[in-house]
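Below is one structure, written out as structure tokens, with a few remarks after it.
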Amino acid sequence: MKERKSVRQKIASGVAVFLIIVFSWATAAQQGKKVVEAAPQSRPNLQIASAVPLAAPEITPKAESTRPLAVDAKTASTNDKDSGHVVKKAAAKQPVKVSRKQPVSRQNSGSDVDRILKLAYSLKGIHYRSGGSTPKGFDCSGFTSYVFKNAAGVSLPRTASGQAGKGTAVSKSNLRPGDIVYFQTYKKGPSHVGIYTGGGNFIHASCSKGITVTNLSDSYYGPRYLGGRRIQL
Numbered sequence: 000m001k002e003r004k005s006v007r008q009k010i011a012s013g014v015a016v017f018l019i020i021v022f023s024w025a026t027a028a029q030q031g032k033k034v035v036e037a038a039p040q041s042r043p044n045l046q047i048a049s050a051v052p053l054a055a056p057e058i059t060p061k062a063e064s065t066r067p068l069a070v071d072a073k074t075a076s077t078n079d080k081d082s083g084h085v086v087k088k089a090a091a092k093q094p095v096k097v098s099r100k101q102p103v104s105r106q107n108s109g110s111d112v113d114r115i116l117k118l119a120y121s122l123k124g125i126h127y128r129s130g131g132s133t134p135k136g137f138d139c140s141g142f143t144s145y146v147f148k149n150a151a152g153v154s155l156p157r158t159a160s161g162q163a164g165k166g167t168a169v170s171k172s173n174l175r176p177g178d179i180v181y182f183q184t185y186k187k188g189p190s191h192v193g194i195y196t197g198g199g200n201f202i203h204a205s206c207s208k209g210i211t212v213t214n215l216s217d218s219y220y221g222p223r224y225l226g227g228r229r230i231q232l
């Protein structure tokens, strides 16, 4: 009898353990089902959250440059079609270009002097003629006036005394080719003229030799030298 009672107790204990295991399994299964059923319900929330647009990052506007824009030389107002505002263009002062090149007096023009000397030398040998002012014959003032007129376009008085009063006085040591030199010959005051050619020489109409070249230190003309004049060409 004791053995049967012991067996029954063991069977009862085993059944109890089995029931506990089954109950635990059922409870776990029920909880798992709840978790599975609850999972889909959270998806709409996720979708709604994803549908909300993300806030754009705040961008700090770039500060406008305070440097003045380049403008046209003339003052003008133009309509800005995009903004509808009136844009005023300020007048800009244009820099004035100042030429540093100084005006050259025609008296220093080498081309004029060269033409004067070239024409004067081309007439060398033409005989002297009182009152003459053409290549057919020259007197002293007729020769100088002809050369300056035809080589440089400069009109000179027709007499030696008149030519001696033209232009600017030049000392003997500062004479340049193209200057007029004058002398006192047959009467008081300037009565003879010629054209200085450089090297102490001058070309003139001599009574005895016609158009010729003579040195300022000549025994006749040297003592009679009165001065020189620089004609503005």
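Here the sequence shown stands for residues 0 to 232, numbered as in numbering that gives the first Met the number 0. Where a beta carbon is used, it is the ideal one built from N, C-alpha and C, also for glycine. All values reported here derive from a predicted model rather than from experimental measurement.
Beta-carbon to beta-carbon, Thr143 and Val192 are separated by about 5 Å, close enough to satisfy the 8 Å threshold.
Counting the other Cβ atoms within 10 Å of the Cβ of His203 gives 16 or more, which makes it buried.
8 Å or more divides the Cβ of Ile115 from the Cβ of Ile210. No residue range can be given for Thr158, since it is assigned to no alpha helix (DSSP H) and is classified by DSSP as neither H nor E. When the beta-carbon positions are compared, Arg229 and Thr167 come within less than 8 Å of each other. Each of Tyr219, Gly199, Asn214 and Phe182 was checked against the Cα of Gly161, and the nearest Cα belongs to Phe182. Ser205 and Thr213 have their C-alpha atoms spaced approximately 9 Å apart. Less than 8 Å separates the beta-carbon of Ala150 from that of Leu118.
In this structure, the CA atom of Pro189 is about 11 Å from the CA atom of Gly227. With respect to Tyr224, Val169 sits apart: the two C-beta atoms are not nearer than 8 Å. DSSP places Leu225 in the strand class (E or B) of the three-state scheme. Ranked by Cα distance from Tyr120, the first of Ser172, Arg128, Ala163 and Pro176 is Pro176. Tyr145 places its beta carbon 8 Å or farther from that of Leu174. Ala168 is bridged by DSSP to Arg228. Looking at the DSSP output, Ile202 bridges to Ile194 and Val212.
For Val146, the enclosing alpha helix (DSSP H) begins and ends at Cys139 to Ala151. Secondary structure of Thr133 (DSSP, three-state): strand. Under the 10 Å beta carbon count, Gly141 is surrounded by 16 or more other beta carbons and is classified as buried.
Annotation for Tyr181: the continuous beta strand (DSSP E) segment containing it runs Ile179 to Phe182.
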